[in-house]
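Under this note's numbering, the residues of the sequence shown are numbered 12 to 478, in order. C-beta: ideal position from N, C-alpha, C; glycine also. The model shown is predicted, which means the values in this text are computed figures rather than measured ones. Below is one structure, written out as structure tokens; the observations come after it.
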Amino acid sequence: MWIAGVLLLLVTHWHASESQDSQPMFQVITQTMLPPDSMHNPTQLNYGMAVTDVDGDGDLEVVVAGYNGPNLVLKYDHAQSKLGTGRYAVYVANYAQGRVGPHALLEMDEAASDVSRGVIALSDVAAAAGVNKLTGGRGVVVGPILNQARSDVFCDNENGPNFLFKNNGDGTFVDMAGQAGVQDQFQHGRGVALADFNGDGKTDIVYGNWNGPHRLFLQTSDSKFHNIADSQFAAPSPIRTVIAADLDNDKELEVFFNNIAYRGNAPNRLFRVSRKSNADPSIQELNVGDAAEPQGRGTGGTVTDLDGDGQLDLLLAHGESAQQPISVFKVTQGSSNNWLRVVPRTQFGAFARGAKVTAFTNQSGALTRIIDGGSGYLCEMEPVAHFGLGTDVVKVLEVSWPDGTTMSRALESGKMNSVVEITYPKEGEAAVLAGDTQCGDGFTVRNGHCEVCRDAFTTGGSEVITV
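Here it is as structure tokens:
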């Protein structure tokens, strides 16, 4: 059994790299937020984590997949029982054995279903869609990667090249990994996340390779990718989950690497990826604080705002090779920074996974988030676009749904530091901006949407994008 006191003792003897920011980012709050006990946080083998609204009350819950044990549903309400079940799946990255077990794409079979009686039948349409490939499937992310709105699929695989399936818009996909430069065929992928790290509006890919070099792929203007991971970021580790989010609400994204200690200590790590004008982003390793967990048997992790204070909280699941309870961590920095959380909805009121949300700020350019329909290895992130703003404010929000529908909306300054829901536009509803809308520094209204009005940045250190 894993003893919390032993972990804390080991943390004090683990020395951070001299290159790290000295102030710790995370403080453990497990004992006050989710104290280990037999019901709410049992010491057991856990696996992945996902964030969604399980009971339809408008609040987000955390679903934890038990590994030969009960699934858990964690709700921020100490008075209620937290045990439950939950399942959400569309794209299945199977781990094939020989010619058995290709990737699957599950859809509801309407002809065989009877919703009124609670009967929902699923059918596998992977062959028709062109994604029924055989490989060691690991991480999956879903969102507008090569397309502007339609959902593409990236899979980082084991014992074979990665897949980057571009959505053709007709129910079929084509693998573009080779042309895009992201096959990485001699590595073994695990956790993966989508983000826009340099502020160019294009979707980038970050992922970890099992005991191999980790990657941070920036997308260029010709739909190709180049890796900007430096030696510290790329340092091999027994990686499981990768999370990309603005943890301290300073407008820059952090990348969290969750490792599993299976042959000695394997501390988790944290990096800040900072946008730079006319250059690739800079990468700085940060002091991860209590979330280092060098003896943690990390299997999954996620971030969400549990207590509604506008800062993301980190939850880590452990197990597979040793029983350990769930850990909860609070960010120690950036509590005075502005923030905005955006929840786009489908036309049916569901979370709009696969949507892209862009916040045009007054002084800091455009910040883009993907409501990832996959979200990595064994996990699924929250269906919320979380924006840290520092001292800035958002002038305009733009949401692009997977069907190509786009809505732009001016945002009142009083909406800062709150949760904003964006409903799918109804037929005839205005979804464009007035011509005199202020989009913020560097942007202007064109054709009802905010667009760049000057040279914006350089990608890859050489290619200037202008409008």
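Residue environment, Tyr99, which counts as buried when at least 16 other CB atoms sit within 10 Å: Low per-residue confidence applies at Tyr99: pLDDT is 33, beneath 50, and the placement is therefore not dependable, though the value from the model is reported in the following sentence. Exposed, because fewer than 16 other Cβ atoms sit within 10 Å of the Cβ of Tyr99.
Once you ignore the five residues that flank Ser92 on each side, which residues in its own chain have a CB closer than 6 Å to its CB? Here the model assigns Ser92 a pLDDT of 35, short of 50, so the residue's position is not dependable and the matter cannot be decided.
Give every residue of the same chain whose Cβ lies closer than 6 Å to the Cβ of Asn373, excluding the five residues on either side of it in the sequence, and list them in chain order. Asp403, Val404, Lys406 and Gly451
Tell me the DSSP secondary structure of Ser232 in three-state form. Of the three classes helix, strand and coil, the one that applies to Ser232 here is coil, per DSSP.
What residues match up with Asp195 in a beta bridge as DSSP calls it? Answer by DSSP bridge pairing: none, since Asp195 is not bridged.
Which two residues bound the contiguous alpha helix (DSSP H) that contains Gln38? First-last for Gln38: Phe37 to Val39, but that is the beta strand (DSSP E), not the alpha helix (DSSP H).
Terminal residues of the continuous alpha helix (DSSP H) containing Gln243? Ser242 to Ala245
Identity of the residues DSSP links to Phe398 by a beta bridge: Leu351
So the candidates are Phe362, Val354, Phe282 and Glu440; which of them puts its Cα closest to the Cα of Ser33? Phe282
Evaluate contact between the segment 321-338 and the segment 282-297, counting only Cβ atoms and requiring at least three cross-stretch pairs below 8 Å. no
Confirm, please, whether the CB-CB distance from Met36 to Leu258 is below 8 Å. yes
Based on DSSP bridge pairs, tell me the residues matched to Lys367. Ile381 and Ser411
Would you mind working out which of Gly307, Ile131, Gln358 and Pro292 sits nearest Phe228, comparing C-alpha positions? Pro292
Tell me, to the nearest whole angstrom, how far the beta carbon of Val164 is from that of Glu393; I am working on the premise that it is less than 8 Å. Actually they are not in contact, since the Cβ atoms of Val164 and Glu393 sit about 20 Å apart, beyond 8 Å.
Under the three-state DSSP convention, the category Ser429 falls into: coil
Taking 8 Å as the threshold (C-beta atoms), are Met427 and Asn349 in contact? yes
To the nearest whole angstrom, what separates the beta carbons of Ile382 and Gly365, a pair I think is in contact under 8 Å? 6 Å
Taking Cβ to Cβ, would you say Gly345 is nearer than 8 Å to Asp261? yes
Out of curiosity, what's the CA-to-CA distance linking Val463 and Gly154? Val463 and Gly154: Cα-Cα distance of roughly 23 Å.
Where does the unbroken beta strand (DSSP E) through Ala277 begin, and where does it stop? Premise fails: Ala277 is in no beta strand (DSSP E) and is neither H nor E.
Would you call the segment 116-123 and the segment 144-159 touching, i.e. three or more CB-CB distances under 8 Å? The segment 116-123 is not in contact with the segment 144-159.
What is the rounded straight-line gap between the Cα of Phe454 and the Cα of Gly415? 22 Å
Opposing strand residues paired with Lys213 [DSSP bridges]: None; Lys213 has no bridge partner.
Contacts around Leu317, its chain only, beta-carbon distance under 6 Å, and the 5 residues preceding and following it disregarded: Tyr87 and Asp324
Beta-bridge pairing of Tyr218 - partner residues as DSSP gives them: Val203 and Arg226
From Asn82 to Thr434, what distance separates their C-alpha atoms? 31 Å
Give the range of the alpha helix (DSSP H) segment to which Ala140 is assigned. Ala137 to Ala140
Can at least three beta-carbon pairs, one atom from the segment 176-186 and one from the segment 131-142, be found at a separation below 8 Å? yes
Which of the three DSSP states, helix, strand or coil, is assigned to Val65? coil
DSSP beta-bridge partners for Asp186? Phe176
6 Å CB neighbourhood of Gly385 in its chain, flanking five on each side removed: Val151, Val152 and Val153
Should Tyr78 be labelled buried (16 or more other beta-carbon atoms within 10 Å of its own) or exposed? Tyr78 comes out buried.
CB of Gly5 within 8 Å of CB of Gly399, strictly: Absent from the model: residue 5. The displayed extent of the chain is 12 to 478, so no value can be given.
Between which two residues does the beta strand (DSSP E) harbouring Arg420 extend? Thr417 to Ala421
Contact under 8 Å by Cβ, Thr379 with Asp233: no
So Pro292 is in the beta strand (DSSP E); what residue range does that whole segment cover? Ala290 to Leu297
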